[in-house]
Structures are given as structure tokens and as C-alpha cells.
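In what follows, a single structure is set out as C-alpha cells and then discussed.
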Amino acid sequence: MKTSHITFLLFSVLTVLAAQPQVKTLNLRYCIDFAIENNLNLKNQELNQIVLQNNYKQSKYDLLPDINASSRLSRNFGQNYNYDQSKFIDEQVTSFSIGASSDINLFEGFRKMHLTNKKKLEVESGKIRSEILKNQLTLEIVNAYLMILYNQEQTEIVTKQLSTTEQQIERTEKLIQSGTMTKGDLLSLLSQKAEEESQLVGFKNQIKMSLLNLSQLMNYNQGEFEIEKPNLEEFTLYLCDSLTVQNIYSEALAFLPEVKMAESELSTTREDLNIAKSGYYPSLTLSMGFSSPYSSSAVNPTDPNPSNPTIDYPVGEQLKDRRQAEIGLSLSIPIFTKFRNRTNVANAKVGLLTAENEIEKTRQDIYKLIQSAHNDVMASRENFNARKQAVNASEESFRFAEQRFNAGTISAIDYNLEKNKLNQATSRLLQSKYDLLVKVKILDFYRGAEVQL
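What follows is the structure, given as C-alpha cells:
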């Protein structure tokens, strides 16, 4: 009987545990990959890439000849000149014809070839644009991820501070009973506790908001989650001093897709210039056609009296007897096009110069970004080191104040002042730590290094 009760109790506990939603723990790599896979802007770019690929295929298909079939049925009323009878007659004539035709552009200044090259370059540009969007999203995910870690560490610090304050309150209550301390000291500590509890609530809310921000960037809809807390050793916060701005810039030019995008746009504008120049060339077209007409007024060639026909001329026989084929060449030479070709070429040359300037501008922008990011890292590193020294000094000062407070030589107000100084110094150190970490990761990103913590 007891065994059955225990079994039922274990089953109930396991059922309750199984019914509780499982909170997943996500690392940075998973967050980045999930965001890239589910980002709607990237999905739109993928769909646009399909259109670009289809346009490229169509540009190659345009090199093929076109073939068209045609048919026409008509009914004419009134006076018509009958060539077989050599006179005008009042009649109703039914006409019908079928045919097929084809045109082949033998030469048009290589225009279609340049159009095909342009469409191919547009496909490559679309791929590069996807890489740019992925890089932008990656940096946003890293910043959001680090913001969560920052708020979590701030929460841990405030929790420890609150625990220390609660211990001091318990000790002060005992010392009040013994007459060593006054009630004013206790009230000061209670005020400090209330302030720290308020800070703790604030940072917990910040964690929720930063988690929400990350889930929105990821387009995550699979329930609640936590993030994996990496071991952020101090060596991850430092950049090798041998890495100069020029070194990082050289690595960035080989990695960042923005330069490749600008170079692709330059190649596209070159094809635009070639397309514009093709307007100066003559065009040569080969045309072929086949047709077979029928007319109710047609006279059968076997009729002995064509002026007064007596023999029918059936549709099938007419289509067979009157079929004809045609082949021809058409040459078009542009003599005067209202200066349209000259204007198109001039505009294409301006576009080419603009694209060349855009490449140089892109390189300058990247250099400026890297220069600023490198300076930011150096400044943040100095600030971080200074904050560490400030925390060390504040810890010593607070330790001395705590000893004096426990000995009853200073009041709780003086004790809280020293504690607040330590709290502020610790908070500033944490801020400088994550500020340095973000800037180092940005600089690593420009170098093409894998984003990891």
C-alpha cells in the first residue's frame, strides 16, 4: 500500500515537472544564426535574389530567335475588285490565313551580350547585399547580447550589496540592544537597503527589456529563453598593440562586403556604358516567315471559265496551293536619333565616374570607421584600467570604514557614504568593461574574425 502511494506521488511530481515549460539557454552563435535564418529583411532579399536570377536567365534566353504563329479570319462586305474576273463586283468575301514567322538579331552592337553581363553582375550584387545585411544584423545581435550580460552582472553586484546591507542591519540591531549603536544608525542602513532594493528591481526589469529586444531582433517565437553566460576573462578585452590601423584596414578591405559591392556597381556601370555605345552601331535582322491564305472569292485555277466560276475552291486546297515562304534581311543604320545616343553615352560616362568615386568613398569611410574604432578601443582600455584602480582604492577605503563602523567609531551615515562610493566605482568599472568589450568586438569584426565571446 505504501509502495503504491509512493509510486503515485512520484508520478504526480514527474507529471508536474513535465508540464512546466522548458526555458532554453541560447548562446551567442545560436542567436546570430537564428536571427539570420528568420530575419524578414533577409528573406525579402532572398526573394529579390530569385528575381535577379530569373532576369539573368531571361537575358540569355533573349539571344535566341523568337517564333510566332498567327492566324486571321475576316469578312468583307461591298464592292471588291476581283482580279480573277478583272472587274468590281458586289460580294461578301470570307478570308482566312495561317502563318508563322521568326526574327533573329544577327548584330546590334553587342547590346544583348552587354545586357546579359549586366544582369549577371546584378545577381552578384544581390549576394553581396545579403552579406551586408547579415553583418549589420550580427552586430545588432552582439550588442543586444552584451547588454543582457551587462544588466545581469549589475543585478548580481546589487544583490551582493543588498546582502551585505542586510547583514549589517542584523548586526546593528544587536548592537542597539547592547547600547553600542543608536537607532539613527539603523534607520540609515534601512534607507540604504530600500535604495538597493529599488536598484535591484530596476536592473531586473532591464534584463527583461534587453531579453525582449534580443528576441525581437531574432524574430524568436519559441517561448521564454535565457542566454549562456560566457567566461569573460580579461584577455578577451585587450587588443594586440601590434595591430595598427593600417593592418586592420588591410584586413577589412579583404573581408567587408561594402568594398565588393562598390566594385560590383562599377562593373555594372561599365556595362551600362557599353549598352549606350551600342546605339551607334547598325543593326542587322534576319526574318523568316510562312503563310497560307484562303479567300471565298478565289477562283479555282482548274476552272475553265474563271470569269464565271463554276468549280468550288475548298479551304484545304487553297491552303495547300497558295502557301508561300519568305526570308529577308533588314539593316537599320542610325543616322540621326535626336542626339539620344550621345546623351545616353554621356550619362553613362558620368555614372562610371560616380561609381569610381563611390569605391574611393567607401574605402575612406571604412578607414575612418576603423580609425575611430581603434582610438575608441585604446581610450576604453585606459578608462578600464583606471576604473580598476579606482575600485581597488574604494575597496580598501570601504574595508577600513567597515572596520571602524563595526568598532563604533563612525556612524552609519559615514559607512553608507563609503559603501556608495564603492558601489559607484564598481558600477563604473562594469560599464567600462562592457564598453571596451563591445568596441573590441567591433574591431575584431572589421578584421573578419569570428564573432564569439
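Under this note's numbering, think of the first position of the sequence shown as 844, with each following residue one higher. C-beta: ideal position from N, C-alpha, C; glycine also. Computed from a predicted structure; not experimentally measured.
Quiz item: Out of curiosity, what's the CA-to-CA distance linking residue 955 and residue 1190?
Solution: C-alpha separation (whole angstroms): 20 Å.
Exercise. State the DSSP-derived secondary structure class of residue 877, mapped to helix, strand or coil.
Key: Assignment of residue 877 by DSSP, reduced to helix, strand and coil, places it in the helix class.
Quiz item: What is the DSSP secondary structure of residue 888, reduced to helix, strand or coil?
Solution: DSSP places residue 888 in helix when its eight states are reduced to three.
Quiz item: beta strand (DSSP E) containing residue 867: first to last residue?
Solution: Residues 867 to 869.
Practice problem: Please list, in chain order, all residues of the same chain as residue 1063 whose beta carbon is under 7 Å from its beta carbon, the five residues on each side excluded. | Solution: Hits under 7 Å: 877.
Quiz item: With burial defined as no fewer than 16 other Cβ atoms inside 10 Å of the residue's Cβ, what is the status of residue 1066: buried or exposed?
Solution: Counting of Cβ neighbours within 10 angstroms places residue 1066 among the exposed residues, the total staying below 16.
Practice problem: Just mark residue 1291 as buried or exposed, buried being the case when its beta carbon has 16 or more other beta carbons within 10 Å. | Solution: Its Cβ having fewer than 16 others within 10 Å, residue 1291 is exposed.
Exercise. Please work out which residues of its chain come closer than 8 Å, Cβ to Cβ, to residue 805, disregarding the five sequence neighbours upstream and downstream, and give them in chain order.
Key: Nothing about residue 805 can be reported from this structure: the residues present for the chain run from 844 to 1296 only.
Quiz item: From this set, 1120, 1253, 1053 and 903, which residue's C-alpha is nearest residue 993's C-alpha?
Solution: Of the listed residues, the one whose Cα sits closest to residue 993 is 1053.
Practice problem: Within the stretch 1175 to 1263, note down every full alpha helix (DSSP H) run reaching 4 residues or more, in order along the chain. | Solution: Within the stretch 1175 to 1263, the complete alpha helix (DSSP H) runs of at least 4 residues are 1183 to 1250.
Self-check item: Contact set for residue 1271: own chain, Cβ-Cβ below 6 Å, skip 5 residues either direction
Solution: The residues are 1230.
Self-check item: Assigned exposure category for residue 1193 - 16 Cβ within 10 Å defines buried
Solution: With fewer than 16 Cβ atoms within 10 Å of its Cβ, residue 1193 is classed as exposed.
Quiz item: Going by beta carbon distance, what residues of the same chain come within less than 6 Å of residue 906, once the five residues before and after it are set aside?
Solution: Closer than 6 Å at the Cβ level, and outside the excluded window around residue 906, lie 955.
Quiz item: Cβ of residue 1254 within 7 Å of Cβ of residue 1028?
Solution: Closer than 7 Å, so yes.
Quiz item: What are the start and end residues of each continuous alpha helix (DSSP H) run of 4 or more residues lying completely inside the stretch 997 to 1081, in chain order?
Solution: Complete alpha helix (DSSP H) runs here, min 4: 1026 to 1061.
Quiz item: Around the Cβ of residue 1123, are there at least 16 other Cβ atoms within 10 angstroms (buried) or fewer (exposed)?
Solution: Exposed is the call here.
Quiz item: Does residue 1123 get closer than 7 Å to chain B when you measure Cβ to Cβ?
Solution: Of the protein chains in this structure there is only one, and it is not chain B.
Self-check item: Where residue 1104 falls, given that 16 or more other Cβ within 10 Å makes a residue buried
Solution: Taking a 10 Å sphere around the C-beta of residue 1104, we find 16 or more other C-beta atoms and assign the residue as buried.
Quiz prompt | residue 977 to residue 952 span [Cα, whole Å] | solution = Each residue's Cα considered, the two are about 40 Å apart.
Exercise. Please go through the same chain and pick out, in chain order, the residues whose beta-carbon is closer than 6 Å to the beta-carbon of residue 966, but skip the five residues on each side of it.
Key: For residue 966, where only same-chain residues beyond five positions count, the Cβ hits under 6 Å are 895, 896 and 899.
Quiz prompt | N- and C-terminal bounds of the beta strand (DSSP E) containing residue 1132 | solution = Element bounds for residue 1132: 1126 to 1138.
Quiz prompt | Separation of residue 1110 from residue 1117, as counted between CA atoms | solution = In this model, residue 1117 and residue 1110 are separated by some 11 Å (Cα to Cα).
Quiz prompt | Rounded straight-line distance, which links the Cα of residue 935 to that of residue 1142 | solution = Cα-Cα distance, rounded: 15 Å.
Practice problem: Pick helix, strand or coil for residue 915, following the three-state DSSP scheme. | Solution: Correct three-state label for residue 915: strand.
Exercise. Measuring alpha carbon to alpha carbon, tell me which of 1163, 991, 921 and 946 ends up nearest residue 937.
Key: Distances from the CA of residue 937 to each of 1163, 991, 921 and 946 were compared; the closest alpha carbon is that of 921.
Quiz item: Would residue 1223 be called buried (16 or more neighbouring beta carbons within 10 Å of its own) or exposed?
Solution: Buried, because 16 or more other Cβ atoms sit within 10 Å of the Cβ of residue 1223.
Exercise. Check whether the Cβ atoms of residue 1377 and residue 902 sit closer than 7 Å, and answer yes or no.
Key: A question about residue 1377 goes unanswered here, because the residues of the chain that appear run from 844 up to 1296.
Quiz item: In angstroms, rounded to a whole number, what distance separates the CA positions of residue 893 and residue 974?
Solution: The alpha-carbon atoms of residue 893 and residue 974 are separated by roughly 16 Å.
Exercise. For residue 1298, collect the residues of the same chain with a Cβ closer than 8 Å to its Cβ; drop the 5 residues on either side in sequence, then sort them by chain order.
Key: For residue 1298 there is no data in the structure shown, the boundaries of the chain being 844 and 1296.
Quiz item: Is it true that the stretch 1205 to 1221 meets the stretch 1162 to 1176, where meeting means three or more beta-carbon pairs spaced less than 8 Å apart?
Solution: The stretch 1162 to 1176 and the stretch 1205 to 1221 do not touch, with fewer than three beta-carbon pairs separated by less than 8 Å.
Quiz prompt | Cβ distance (whole Å) where residue 1068 is taken to contact residue 866 below 8 Å | solution = Your pair residue 1068 and residue 866 checks out as a contact, with CB atoms roughly 6 Å apart and the cut at 8 Å.
Quiz prompt | Cβ shell of residue 1287 (< 6 Å), same chain only, five flanking positions each side left out | solution = The beta carbon of residue 1287 sits closer than 6 Å to no other beta carbon from its chain once the five residues preceding and following it are set aside.
Quiz prompt | Spatial distance of residue 1188 from residue 1172 (CA atoms) | solution = Those two C-alpha atoms are separated by around 28 Å.
Exercise. Report the option in 950, 1086, 1282 and 1090 whose CA atom is closest to the CA atom of residue 1125.
Key: The shortest Cα separation from residue 1125 among 950, 1086, 1282 and 1090 belongs to 950.
Quiz item: Can you tell me where the alpha helix (DSSP H) with residue 1113 in it begins and where it stops?
Solution: Its alpha helix (DSSP H) spans residues 1100 to 1120.
Exercise. Please say whether residue 1026 and residue 1008 have beta carbons closer to each other than 7 Å?
Key: Cβ atoms of residue 1008 and residue 1026: not closer than 7 Å.
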